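*Asks:*
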Ligand code: C2E
Ligand code: CA
Ligand code: CA
Ligand code: CA
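In UniProt numbering, the protein residues as written are 435 to 718.
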């Protein structure tokens, strides 16, 4: 904030202002923020690379701070994980996203109902009520389990033992999809994939970034080609993140990726926007 004459203060650059709050300040403000309803969700469309239609969206949480404006999840999720607030916050995100996806299903009346992807932090994964809470939310909102995909990062599942996998397995049996998020960043043993109850691989943006230059790095292309082949041989669908150009989209389609997400199609935004995009024949 900068002084704007007298003792009036004006925010010159909201981002700079938000950066000025200390981690401690943010951390202590989190519980009250949840209680006051300062969090909101933006949805980023998931696009079928084959025909360009929107078949779902990822829920991405933001904090609308009364003084500091919108704060991105990269800044407060780690703090919420540290204090354990991620459990009630994550439950709220799931509840809100399920309610929204249910609304999309009612409104659309199209051939395939829109689905929603929700991020799950490692703390939530270890929480004893994960399955019970998820079942309760699906029942109360009326969202079919098949319309929900939970995203778990590859690093959260590295070296996971059966105790950690059991709740995920239970959810998968109910029909909930499990996606392995940020895939390719965690050096996981590829052979291990078979043992995980996942049905989707989300290729990290690091791979799509390598395709931004033209011509794309041939080694990057080979790696993605290999991952796609492996994923498909294990019956996993491949989603790519961070698609920013039509050239990337073309390349990833050629490499056999199934679903894409990125600014080329749409930035994260309000739920109504997803619905609008789902009603057009192809997003691009
Ligand atoms: P993520 O799960 O890997 O989500 C994808 C991030 O990439 C999002 O950042 C999204 O806005 C951004 N993105 C999408 N397309 C593009 C693109 O074409 N180019 C670029 N440069 N970026 C793109 P966002 O929304 O800031 O979220 C950051 C991270 O915060 C997420 O990464 C996720 O790890 C975490 N997060 C967000 N919402 C939740 C939540 O409800 N629960 C938990 N546990 N984590 C969340
Ligand atoms: Ca994600
Ligand atoms: Ca990701
Ligand atoms: Ca990421």
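Ideal placement from N, C-alpha and C gives every residue a C-beta, glycine not left out. Bear in mind that the values here come from a model prediction, so they are computed numbers and not experimental data.
Comparing alpha-carbon positions, which option in 531, 715, 633, 617 lies nearest residue 658?
*Replies:* Looking at the Cα atoms, 617 is the closest of the given residues.
*Asks:* CA-CA distance, residue 464 and residue 512?
*Replies:* Cα to Cα, the separation comes out at about 12 Å.
*Asks:* So, is residue 438 buried or exposed, given that buried needs 16 or more other C-beta atoms within 10 angstroms?
*Replies:* A caution first: residue 438 carries a pLDDT of 44, below 50, which makes its placement in the model unreliable, though a value can still be read off. Residue 438 is exposed by the Cβ-count criterion.
*Asks:* Answer with buried or exposed for residue 516, where buried requires no fewer than 16 other C-beta atoms within 10 angstroms of its C-beta.
*Replies:* With fewer than 16 other Cβ atoms within 10 Å, it is exposed.
*Asks:* Please specify which runs of the beta strand (DSSP E), each continuous and at least 3 residues long, are wholly inside the stretch 650–690, giving them in chain order.
*Replies:* 671–674, all fully within the stretch 650–690.
*Asks:* Is DSSP giving residue 435 helix, strand or coil here?
*Replies:* With a pLDDT of only 40 at residue 435, under the threshold of 50, the placement of this residue in the model should not be trusted, and no figure is reported.
*Asks:* Using a threshold of 7 Å, is the CB atom of residue 530 nearer than that to any non-hydrogen atom of ligand 1?
*Replies:* No; taking the cut-off as 7 Å, the Cβ of residue 530 has no heavy atom of ligand 1 nearer than that.
*Asks:* Tell me which same chain residues have a C-beta within less than 7 Å of the C-beta of residue 670, skipping the five on either side of it?
*Replies:* 632, 633, 634, 635, listed in sequence order.
*Asks:* Assess, as a yes-or-no matter, whether the stretch 494–514 is touched by the stretch 669–689 under the definition of 3 or more beta carbon pairs within less than 8 Å.
*Replies:* As far as the Cβ criterion goes, the stretch 669–689 does not touch the stretch 494–514, which means the pair count is below three.
*Asks:* Considering only residues of the same chain and omitting the five flanking positions on each side of residue 651, which have a CB-CB separation below 7 Å?
*Replies:* Hits under 7 Å: 644.
*Asks:* Taking 7 Å as the cut-off, is the CB of residue 508 close to at least one heavy atom of ligand 2?
*Replies:* Checking every heavy atom of ligand 2 against the Cβ of residue 508, none is found closer than 7 Å.
*Asks:* Can you look up residue 563 in the DSSP assignment and give me helix, strand or coil?
*Replies:* Residue 563: coil per DSSP, three-state reduction.
*Asks:* What number of angstroms, rounded off, separates the C-alpha of residue 719 from the C-alpha of residue 494?
*Replies:* Outside the displayed range of the chain (435 to 718) lies residue 719, so it cannot be described from this structure.
*Asks:* Where in the stretch 505–563 do unbroken runs of the alpha helix (DSSP H), each at least 4 residues long, occur, reported from the N-terminal end onward?
*Replies:* Qualifying alpha helix (DSSP H) stretches, in chain order: 507–517, 520–542, 556–560.
*Asks:* Short of 8 Å in beta carbon distance, which residues of its chain neighbour residue 546, apart from the five on each side in sequence? Order them along the chain.
*Replies:* Cβ neighbours of residue 546 beyond the five flanking positions: 489.
*Asks:* Closer than 7 Å to a non-hydrogen atom of ligand 3 - does that hold for the CB of residue 515?
*Replies:* No, Cβ of residue 515 sits at least 7 Å from all heavy atoms of ligand 3.
*Asks:* Give every residue whose Cβ lies closer than 5 Å to any heavy atom of ligand 2, listed in chain order.
*Replies:* With the cut-off at 5 Å, the residues found are 553, 585, 615.
*Asks:* Kindly list the residues whose CB is nearer than 6 Å to the CB of residue 690, restricted to its own chain and excluding five residues on each side of it in sequence; keep chain order.
*Replies:* For residue 690, where only same-chain residues beyond five positions count, the Cβ hits under 6 Å are 662.
*Asks:* Between which residues of its own chain and residue 537 is the CB-CB distance below 8 Å, once the five residues before and five after are set aside?
*Replies:* Cβ neighbours of residue 537 beyond the five flanking positions: 705.
*Asks:* With a 10 Å radius around its C-beta and 16 neighbouring C-beta atoms as the bar for buried, classify residue 483 as buried or exposed.
*Replies:* Buried, by the Cβ-count rule.
*Asks:* With DSSP collapsed to three states, give me the class of residue 632.
*Replies:* Note: residue 632 maps to coil in three-state DSSP.
*Asks:* In angstroms with no decimal places, state the Cα-to-Cα distance between residue 522 and residue 655.
*Replies:* Going from the Cα of residue 522 to the Cα of residue 655 covers about 40 Å.
*Asks:* Give every residue of the same chain whose Cβ lies closer than 6 Å to the Cβ of residue 707, excluding the five residues on either side of it in the sequence, and list them in chain order.
*Replies:* Closer than 6 Å at Cβ, skipping near neighbours: no residue.
*Asks:* Below 8 Å, can you find three or more Cβ-Cβ pairs linking the stretch 562–576 to the stretch 588–596?
*Replies:* With the cut-off at 8 Å, the stretch 562–576 and the stretch 588–596 do not touch.
*Asks:* Classify residue 503 as helix, strand or coil using the three-state DSSP reduction.
*Replies:* Of the three classes helix, strand and coil, the one that applies to residue 503 here is strand, per DSSP.
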